[in-house]
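Colleague: Chains as they are written, first to last, in UniProt numbering: chain F, 1 to 305; chain V, 1 to 362.
We put the beta carbon where it would ideally sit given N, CA and C, even for glycine.
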Amino acid sequence: MADVAEISGPQTAIEPRGARPRHAFSRRNIFIYGTLILVAVYYLIPLYVMVVTSLKGMPEVRLGNIFSPPMEITFEPWVKAWSSACTGLNCDGLSRGFWNSVRITVPSVILSIAIASVNGYALANWRFKGADIFFTVLIVGAFIPYQVMIYPIVILLREIGIYGSLSGLVLVHAIFGMPIMTLLFRNYFAAVPEELFKAARVDGAGFWAIYLKIMLPMSLPIFVVAIILQTTGIWNDFLFGVVYTRPDTYPMTVQLNNIVNSVQGVKEYNVNMAATILTGLVPLIVYFVSGRLFVRGIAAGAVKG
Amino acid sequence: MTSVSIKDLSLEFGAVSVLKDLNLDVGDGEFLVLLGPSGCGKSTLLNCIAGLLDITDGQIFIKGKNVTWEEPKDRGIGMVFQSYALYPQMSVRGNLTFGLKNAGVPRDEIARRIERAANILQIEPLLDRRPGQLSGGQRQRVAIGRALVRDVDVFLFDEPLSNLDAKLRSELRVEIKRLHQQLANTMIYVTHDQIEALTLADRIAVMKGGLIQQLDEPLTIYNRPRNLFVASFIGSPAMNFIKGEITGTNGSPVFRAGDLTISLAGYETQQSLAPGHCVILGFRPEHITISDVPGPAGRSCEAVVDLDEPMGADSLVWLKVAGKAISVRVDSGRRYQPGEKVFLIFNPAMASLFDVATENRI
Ligand SMILES: Nc1ncnc2c1ncn2[C@@H]1O[C@H](COP(=O)(O)OP(=O)(O)OP(=O)(O)O)[C@@H](O)[C@H]1O
Ligand SMILES: [Mg+2]
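#1: Ligand 1 and residue 36/V: does any heavy atom of the ligand fall closer than 7 Å to the residue's C-beta?
#2: Within the continuous alpha helix (DSSP H) that includes residue 43/V, where are the two ends?
#3: Considering only the beta carbon of each residue, do residue 346/V and residue 282/V sit closer than 8 Å?
#4: May I ask you to list the residues that DSSP assigns as paired with residue 10/V?
#5: Taking only three categories from DSSP, how would you classify residue 363/V?
#6: Please report the straight-line C-alpha distance between residue 55/F and residue 290/F, rounded to a whole angstrom.
#7: Between residue 232/V and residue 280/V, what straight-line distance do the alpha-carbon atoms span, to the nearest angstrom?
#8: Taking the continuous alpha helix (DSSP H) assigned at residue 182/F, which residues delimit it?
#9: Helix or strand or just coil, what does DSSP make of residue 122/F?
#10: Among 73/V, 339/V and 276/V, whose alpha-carbon lies nearest the alpha-carbon of residue 308/V?
#11: Should residue 227/V and residue 102/V be called a contact, given that it needs their Cβ atoms to be closer than 8 Å?
#12: Report whether the distance from the Cβ of residue 158/V to the nearest heavy atom of ligand 2 is below 7 Å.
#13: Out of curiosity, what's the CA-to-CA distance linking residue 144/V and residue 36/V?
#14: Taking residue 71/V as the reference, give the member of 318/V, 53/V and 352/V with the closest Cα.
#15: So which residues of chain V does residue 221/F contact, with C-beta pairs closer than 8 Å?
#16: Check the C-beta distance from residue 202/V over to residue 32/V and give it rounded, since I have them as a contact under 8 Å.
#17: How do the stretch 305-322 of chain V and the stretch 262-272 of chain V stand: do at least 3 beta-carbon pairs fall below 8 Å, yes or no?
#18: Evaluate contact between the stretch 74-89 of chain V and the stretch 103-121 of chain V, counting only Cβ atoms and requiring at least three cross-stretch pairs below 8 Å.
#19: Closest by CA to residue 153/V, which one among 4/V, 93/V and 350/V?
#20: Whole angstroms is fine: what's the gap from residue 183/F's alpha carbon to residue 120/F's?
#21: Can you find the residues in the same chain that come closer than 6 Å, C-beta to C-beta, to residue 205/V, ignoring five residues on each side of it along the sequence?
#22: According to DSSP, is residue 25/V part of a helix, a strand, or is it coil?
#23: Give a yes or no on whether 8 Å exceeds the smallest Cβ distance from residue 15/V to chain F.
#24: At a CB-CB cut-off below 9 Å, which residues of chain F make contact with residue 132/V?
#25: Which of the three DSSP states, helix, strand or coil, is assigned to residue 5/F?
#26: In whole angstroms, give me the CA-to-CA distance for residue 323/V and residue 274/V.
#27: Given 7 Å as the limit, tell me if residue 18/V has its C-beta closer than that to any heavy atom belonging to ligand 1.
#28: Note down the Cα distance separating residue 167/V from residue 220/F, rounded to an integer number of angstroms.
#29: When you compare the CB of residue 214/F with every CB in chain V, is at least one pair closer than 8 Å?
#30: Check this for me: beta carbons of residue 319/V and residue 330/V, under 8 Å apart or not?
#31: Over what stretch of residues does the alpha helix (DSSP H) that includes residue 152/F continue unbroken?
#32: Have a look at residue 192/F and residue 242/V and give me their C-alpha separation to the nearest angstrom.
#33: CA-CA distance, residue 188/V and residue 150/F?
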């Protein structure tokens, strides 16, 4: 609207032709970009404060100017957060938690996606007997609050003998990721034309051949989406981590909590900030690296049902 | 020798019965077309033959072997789908070889078959492309090639041309016909396009509601439809129908509808045309002639031109006869003006008579 009003100024003499002229500083643009910048700043300020604080030494932090940039940049808090901050019993920083988290996240993501994609494929393409019931049960599973199942699973893991170990937590993550991941894959595979599947059957491909040679190669986008969702979800998990592991197998998030909430000594805000950023780095990197693919995968899923 | 034989086939999806006690024998090397309106069960029947659907009852024989419980790959069939269904991540060559690799065919044999199929379908230059880089017609050729390399006795086509534009469709139609002449194997071809059916088929099975209404050679289906459904489904422009009754004696039956009377002398039928019998008389638009002078008595009547639709080679003229609309196909050389008075001449030998109650041909 604003554009039109401006054109009807001195330019009315010009015969309209070709692309409509655009004005960088039209009222509409100022409004749109203004809003966007405002929202971006609102979300970025906390991050800014964190980064700035983590680069200050403790004396500077005590001055209390949280918005001012560091007068003297130091990486000491980062080093401390990583390798020597005290988390409850041991004082070797977040590094232990980081490697625990890696050892939890990688197998959990692989296991849950491998199982869920096969589940989704079987549900979507092989209409076996009871498929609908199975699917309904899974969907219901997606809506049951986790808290209800925490204690039964503790008992279950204890009985199997893997309570407190990393493999126990991996199993828990794989199970809890199952409903939503299966739903994701089922919907994606259901949108694959049925005739493709029939053609493969005429060509003599069985359950696994169709899955591996036909379905997998055409579902890269949905795998990327699943990997992102699971990686960030499992990396950020705190509840299962604190319940199903022991101090020496705590994931990074639990360690972070222990650092930040430790009651002894002075509050080292700079170390806390560095630790927090370090913990959030993995999901952040995942988003940055795969953001474009992620959007494309979500869009593909949306368009195809 | 029958190639495909279907005995008492029934198929139900839950409570919905799609195919009912269907029997069908397809001869060796025959080109059979399944024709019918949307939803009549053509694809379902084809999928049953291919083994892609579990049937409820009945038996299926291919080359004399009972394949009712066999897997699709073991039935000796190749199938071409409407949406091409090419594997998008594989090259054309990959698409063609996929089935052969699954079957464990030796390398040199695969190469030999690919070469032959590519040669027949003229897709050699496309072998290393992805399906996404092909045009619709090329994709359909590759899809046919995928069935071809399987070296099977029976080809199943499910509306293979319906995603193509009119020109390409008629080109590929000719190619499929040529392919059939060259390979001489059995082909079962599903379509709802009657031109495709009439041009390609050795025999046509017209289906409706899961039942085969008529199974005959194309011209028999066209000229002597067995019931009202087949008569109205086949033919474009559609057949004219007039409801009336038989009068006159058995020796010289006459059809009467209001003021309109048409002699039926010369109409071939095994049944007797008893006076008082309520019937529907059908004439194809090209089996009526328009004339400026009255024709032979009893076979001619007066009519008023309503509309003239030129269609290129010929025109479709709509006329009013005794209050009824009738279309006649004439040479487009002469245009008719609305309101013009003309005479129609009927040829009873080319007519079709149907019982009003049963809708079957008399
Ligand atoms: N999976 C299914 N479950 C229930 N009903 C089905 C299923 N598949 C097909 N049908 C029904 O079976 C009938 C026949 O379907 P079919 O696909 O064979 O029709 P068609 O003759 O091939 O039609 P078209 O020309 O539109 O392809 C239709 O009424 C359809 O609704
Ligand atoms: Mg169909």
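Modeller: So, to answer that:
#1: yes
#2: Residue range 42-50 is occupied by the alpha helix (DSSP H) that includes residue 43/V.
#3: It is not a contact, given that the beta carbons lie outside the stated cut-off.
#4: 57/V
#5: Given a span of 1 to 362 for chain V in the structure shown, any question on residue 363/V remains unanswerable.
#6: Cα to Cα, the separation comes out at about 28 Å.
#7: Each residue's alpha carbon lies about 12 Å from the other.
#8: 166-190
#9: helix
#10: 339/V
#11: no
#12: yes
#13: Rounded to whole angstroms, residue 144/V to residue 36/V spans 23 Å at the Cα level.
#14: 53/V
#15: Here the premise fails: no neighbours, minimum Cβ distance about 13 Å.
#16: Cβ-Cβ separation between residue 202/V and residue 32/V: approximately 7 Å, consistent with a contact (criterion under 8 Å).
#17: Touching, no.
#18: no
#19: Of the candidates 4/V, 93/V and 350/V, the one whose C-alpha sits nearest the C-alpha of residue 153/V is 4/V.
#20: 7 Å
#21: 34, 212 and 215
#22: strand
#23: no
#24: Neighbours of residue 132/V in chain F, taken as residues whose beta carbon is under 9 Å from its own, are absent, since the nearest beta carbon is some 11 Å off.
#25: Its pLDDT being 47, under 50, residue 5/F is placed unreliably in this model, and the value from its coordinates should be taken loosely. DSSP places residue 5/F in helix when its eight states are reduced to three.
#26: 26 Å
#27: Yes, the beta carbon of residue 18/V sits closer than 7 Å to at least one heavy atom of ligand 1.
#28: 37 Å
#29: yes
#30: Cβ distance not < 8 Å, so residue 319/V and residue 330/V don't count as in contact.
#31: 146-160
#32: 49 Å
#33: 59 Å
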